[in-house]
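**Student:** Counting in this note's numbering, the sequence shown runs from 225 upward without gaps.
My questions will all concern the structure given below.
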Amino acid sequence: MIFMCTCSLSVSAQNQKEVSSYFEQVLKGNTPSKVPSNRLSQSQIESARKQIWEAWKVSNKVAQSDALPVLDSLGRSSGMWVIPDSLEHRAAMPFYFGSKGSRPQGGFPFFLYLHGSGPKQQEWETGLILAKRFADAPSVYFIPQIPNEGEWYRWWQRGKQWAWERLLRQLLLMDDAINPNRLYVFGISEGGYGSQRLASFYADYWAAAGPMAGGEPLKNAPAENLSNIGFSLRTGADDAGFYRNRLTRYTAQALDSLEDLHPEGFRHKVELIPGRQHFIDYSPTTPWLSLFTRNPHPNHFIWEDFDMDGRHRTGFYNIKVIKRPDAKLRTRYDMNVHDNEVDIAVENVHYAASEVDPQWGIELKSTRTYDQATSGSFILFLAEDQVNFDKLLTIRVNGKTVYRKKPSLNVQAMVESLATFYDPQRIFPFALKVNL
Numbered sequence: 225m226i227f228m229c230t231c232s233l234s235v236s237a238q239n240q241k242e243v244s245s246y247f248e249q250v251l252k253g254n255t256p257s258k259v260p261s262n263r264l265s266q267s268q269i270e271s272a273r274k275q276i277w278e279a280w281k282v283s284n285k286v287a288q289s290d291a292l293p294v295l296d297s298l299g300r301s302s303g304m305w306v307i308p309d310s311l312e313h314r315a316a317m318p319f320y321f322g323s324k325g326s327r328p329q330g331g332f333p334f335f336l337y338l339h340g341s342g343p344k345q346q347e348w349e350t351g352l353i354l355a356k357r358f359a360d361a362p363s364v365y366f367i368p369q370i371p372n373e374g375e376w377y378r379w380w381q382r383g384k385q386w387a388w389e390r391l392l393r394q395l396l397l398m399d400d401a402i403n404p405n406r407l408y409v410f411g412i413s414e415g416g417y418g419s420q421r422l423a424s425f426y427a428d429y430w431a432a433a434g435p436m437a438g439g440e441p442l443k444n445a446p447a448e449n450l451s452n453i454g455f456s457l458r459t460g461a462d463d464a465g466f467y468r469n470r471l472t473r474y475t476a477q478a479l480d481s482l483e484d485l486h487p488e489g490f491r492h493k494v495e496l497i498p499g500r501q502h503f504i505d506y507s508p509t510t511p512w513l514s515l516f517t518r519n520p521h522p523n524h525f526i527w528e529d530f531d532m533d534g535r536h537r538t539g540f541y542n543i544k545v546i547k548r549p550d551a552k553l554r555t556r557y558d559m560n561v562h563d564n565e566v567d568i569a570v571e572n573v574h575y576a577a578s579e580v581d582p583q584w585g586i587e588l589k590s591t592r593t594y595d596q597a598t599s600g601s602f603i604l605f606l607a608e609d610q611v612n613f614d615k616l617l618t619i620r621v622n623g624k625t626v627y628r629k630k631p632s633l634n635v636q637a638m639v640e641s642l643a644t645f646y647d648p649q650r651i652f653p654f655a656l657k658v659n660l
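See below:
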């Protein structure tokens, strides 16, 4: 039986089947059926959270045949994932997966390393050599080889997104070995571009990110999304290829401005290395990243919901998008929690290029304007360390009060949030659907 309940919850055999069915359908990529809406008291939250997490783990074991290899010393084991042909044709992704040092209390920190754009076999092997050298033990590494070269040599394309989301789900299931709040992504050159995009796109999973010898236009990796993670970007000051030094400078300026507005967020270290071109010292990055631990329930975040290779995230931190306000535009969510009051601003984002490269037409710099979103819908999840569920809770969206009462907690919120984020740290007992 997948969903056992030994607490005071009244969960019938039929309810248990519905929970199991829900998880099974999610893992198959189908639209799941409704889950039980059993009420919860504050004293039942942690027990219910543990039971639902165990149910999720069992469902994954039943549904998955290609989990990560058994954890061994780095370099001793490898694996391969085959990306669905509908996303990328003939795309097999070999990878190394292994540890350095002994497992610390609380689990290993984890690093995803993305290599540069040279011959892929050589770059992959170089990645393993570098990972063994970096001073970040104890740690676990996942070192993938790009599946295809040429136009497919991009770490942010949707076929690779399939791999990253599979990886994140599998890592989070390894709660006996991997620390879910110490996941890091970094890369060099093409891997620098990729890790900067992945840093912004999946910021709610990372503790920190560290692209090197890269530099993306901020339209491709909005800096606002980095509000709660550590971010390092190291580029040669003379690395003018594809405007890497200029774009790194623009990223530094954006993050400096954001930190001025939000002094407790946007912790960053962006460096232009004097006298260096495309090759720099890579060793300082992972020790700096290791200083950071993820906060999975921030009381403030900004999320620019941007597409990566034509694909949007379904949610971010504790927001799940049901319907985007405007399918043609990006949406900006700004959430603040204070004294049992939640304020969320939801805006449409309008871009205009302000600096364009004359050779390739790359939009190096853009200006943005915003207007209030008046349509769309989303689910807001909340945890007990964000608000006091025993007190009156007020939620405002675009200045309008949409909820003002003592919260009602339930199993449905916990199951749906876990199925959305796959994250043991984001099993929320409260959910509110908001229609704009």
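Glycine included, C-beta positions come from ideal geometry on N, C-alpha and C.
Small disclaimer: the values here were computed from a predicted structure and weren't measured.
Check for me: the alpha helix (DSSP H) holding residue 316 runs from which residue to which?
**Tutor:** Residue 316 -> not in any alpha helix (DSSP H); beta strand (DSSP E) instead, spanning 316–324.
**Student:** Below 8 Å on the Cβ atoms is my contact criterion, and I expect residue 431 with residue 454 to pass it. Report the Cβ-Cβ distance as a whole number of Å.
**Tutor:** 7 Å
**Student:** By how many angstroms is the C-alpha of residue 265 removed from the C-alpha of residue 227?
**Tutor:** For residue 227, the predicted structure reports a pLDDT of 37, less than 50, and the residue's modelled location is therefore unreliable. The matter cannot be settled from this model.
**Student:** Note the first and the last residue of the continuous alpha helix (DSSP H) segment covering residue 418.
**Tutor:** 414–425
**Student:** Classify residue 344 as helix, strand or coil using the three-state DSSP reduction.
**Tutor:** Looking at residue 344 - three-state DSSP - the assignment turns out to be helix.
**Student:** Between which two residues does the alpha helix (DSSP H) carrying residue 384 extend?
**Tutor:** Its alpha helix (DSSP H) spans residues 382–397.
**Student:** Can you check which of these residues, 448, 500, 534 and 506, is closest to residue 483 by C-alpha distance?
**Tutor:** 448
**Student:** Could you tell me which whole alpha helix (DSSP H) segments of length 4 or greater appear in the segment 257–303?
**Tutor:** 269–287
**Student:** Does residue 373 come out as helix, strand or coil in the three-state DSSP assignment?
**Tutor:** coil
**Student:** Tell me which residues share the same chain as residue 541 and place their Cβ nearer than 6 Å to its Cβ, disregarding the 5 neighbours each side in the sequence.
**Tutor:** 428 and 525
**Student:** In this structure, does DSSP put residue 353 in helix, strand or coil?
**Tutor:** helix
**Student:** Would you mind giving the Cβ-Cβ distance between residue 332 and residue 401, rounded to the nearest angstrom? I have them listed as a contact below 8 Å.
**Tutor:** 6 Å
**Student:** Kindly identify the DSSP beta-bridge partner or partners of residue 254.
**Tutor:** According to DSSP, residue 254 bridges with nothing at all.
**Student:** With distance defined between alpha-carbon atoms, name the residue in 594, 595, 598 and 617 nearest to residue 605.
**Tutor:** Scanning 594, 595, 598 and 617 for the CA closest to the CA of residue 605 turns up 617.
**Student:** Which residue comes first and which comes last in the beta strand (DSSP E) that contains residue 659?
**Tutor:** According to the DSSP assignment, residue 659 belongs to the beta strand (DSSP E) that extends over 654–659.
**Student:** Can you grab the Cα-Cα spacing for the pair residue 294 / residue 624, in whole Å?
**Tutor:** 51 Å
**Student:** Looking at the unbroken alpha helix (DSSP H) that takes in residue 635, where does it start and where does it end?
**Tutor:** 635–645
**Student:** Less than 7 Å separating the beta-carbons of residue 441 and residue 587?
**Tutor:** Yes, the Cβ-Cβ distance between residue 441 and residue 587 is below 7 Å.
**Student:** So, at 7 Å on beta carbons, what are the nonlocal neighbours of residue 421 in its own chain, with the 5 sequence-adjacent residues on each side left out?
**Tutor:** If the five residues before and after residue 421 are omitted, its C-beta is found closer than 7 Å to the C-beta atoms of 380, 440, 444, 445 and 532, all from its own chain and listed in chain order.
**Student:** Throw me the rounded Cβ distance for the residue 658 and residue 601 pair, which I believe falls under 8 Å.
**Tutor:** 6 Å
**Student:** For residue 568, which beta-bridge partners are listed by DSSP?
**Tutor:** 559 and 621
**Student:** What beta strand (DSSP E) runs, 3 residues minimum, are completely inside the segment 568–616?
**Tutor:** 587–596 and 601–606
**Student:** Which same chain residues, not among the five before or five after residue 392, have their C-beta less than 6 Å away from its C-beta?
**Tutor:** 429
**Student:** What are the start and end residues of each continuous alpha helix (DSSP H) run of 4 or more residues lying completely inside the segment 451–514, in chain order?
**Tutor:** 468–485 and 509–513
**Student:** Could you pull the DSSP bridge partners for residue 665 from this structure?
**Tutor:** In the structure as shown, the chain begins at 225 and stops at 660. Residue 665 is therefore absent and cannot be evaluated.
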